[in-house]
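What follows is a single structure, written as C-alpha cells, with notes after it.
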Amino acid sequence: MCACRCGIRVHLRDGEVRYIDGNPNHPLNNGVICAKGSSGIMKQYSPARLTQPLPAQKRRRTRRRDFEAISWEQTFSILTERLQKIRSTDPKKFALFTGRDQMQALTGLFARQFGTPNYAAHGGFCSSIWPPA
Numbered sequence: 000m001c002a003c004r005c006g007i008r009v010h011l012r013d014g015e016v017r018y019i020d021g022n023p024n025h026p027l028n029n030g031v032i033c034a035k036g037s038s039g040i041m042k043q044y045s046p047a048r049l050t051q052p053l054p055a056q057k058r059r060r061t062r063r064r065d066f067e068a069i070s071w072e073q074t075f076s077i078l079t080e081r082l083q084k085i086r087s088t089d090p091k092k093f094a095l096f097t098g099r100d101q102m103q104a105l106t107g108l109f110a111r112q113f114g115t116p117n118y119a120a121h122g123g124f125c126s127s128i129w130p131p132a
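With numbering that gives the first Met the number 0 applied, the sequence shown covers 0 to 132.
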C-alpha cells in the first residue's frame, strides 16, 4: 500500500481477511504497523472501491458523483485516442504523476518511451521518517 514495504501478517477466517498486523520477524518494521497498513482490509472489502472504469465524460447529470460504468475495451479506446493525439503533436505536453506505487521505475520508463520528461511519483510519508529514532 506504500513504498515502505513493511512486513505484515494477514489473518483469515473462513477465507476472508479478518485483520492485518505487523510481522514481528520482519527486519524493516519489527512488527510495528501504521494506521494505513492496518486499515488495508478496506482495500479489499470497501463498498466504495473502484472495480470498473468510471470516466468523467460518462457522468450522469443527476448527482455529482454518479458515473456510468463503461467496459475496459471502451476505456482503452478512449485512452489510446487521447494519448495518440498528444504524442503526435507534442509529447512534452503529457505529464504523468503516480501515487504511492512501488513501480516508479516503470513510471519513468513509460514516460521516457512516450517522449515526455514530465513525470513524478509521490513519496511516502512513512518512508520519509522511517525508521523511527
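Every residue gets a Cβ at the ideal spot worked out from N, C-alpha and C, and that includes glycine.
No experiment lies behind these values; they were computed from the predicted model shown.
Between the CA atoms of GLY36 and THR115 - distance to the nearest angstrom: One-based indexing of the sequence shown puts residue 115 at position 116. One-based indexing of the sequence shown puts residue 36 at position 37. The straight-line gap from Cα to Cα measures roughly 33 Å.
Own chain partners of ASN117 with C-beta closer than 6 Å, once the 5 adjacent residues on each side are dropped: Position 118 of the sequence shown, counting from 1, holds the residue named residue 117. Hits under 6 Å: ALA94.
Candidates ALA104, TRP71 and GLY39: closest to GLN51 by CA position: Your numbering for residue 51 matches position 52 in the sequence shown. Of ALA104, TRP71 and GLY39, the residue nearest in Cα terms is TRP71.
In the segment 83-121, which residue ranges form an unbroken beta strand (DSSP E) of at least 3 residues, counting only runs that do not cross its ends? 95-97 and 118-120
ILE19 - containing beta strand (DSSP E), residue span: Position 20 of the sequence shown holds residue 19. 15-21 is the extent of the beta strand (DSSP E) around ILE19.
If you compare alpha carbons, which of ASN28, LEU108, ARG12 and HIS10 is closest to PHE96? Reading the sequence shown from its first residue, position 97 is the one you call residue 96. With distances taken between Cα atoms, PHE96 lies closest to LEU108.
Could you check which residue in ARG8, PRO54 and ARG12 has the C-alpha nearest to that of LEU78? Position 79 of the sequence shown, counted from the first residue, corresponds to residue 78. Cα-wise, what sits closest to LEU78 is PRO54.
Would ILE19 and HIS25 be called neighbours here (beta carbons separated by less than 9 Å)? Counted from its first residue, the sequence shown places residue 19 at position 20. Counted from its first residue, the sequence shown places residue 25 at position 26. Not in contact: ILE19 and HIS25 (Cβ atoms no closer than 9 Å).
C-alpha distance - ARG17 paired with LEU27, whole-angstrom precision: If you number the sequence shown from 1, residue 17 lands on position 18. If you number the sequence shown from 1, residue 27 lands on position 28. Those two C-alpha atoms are separated by around 24 Å.
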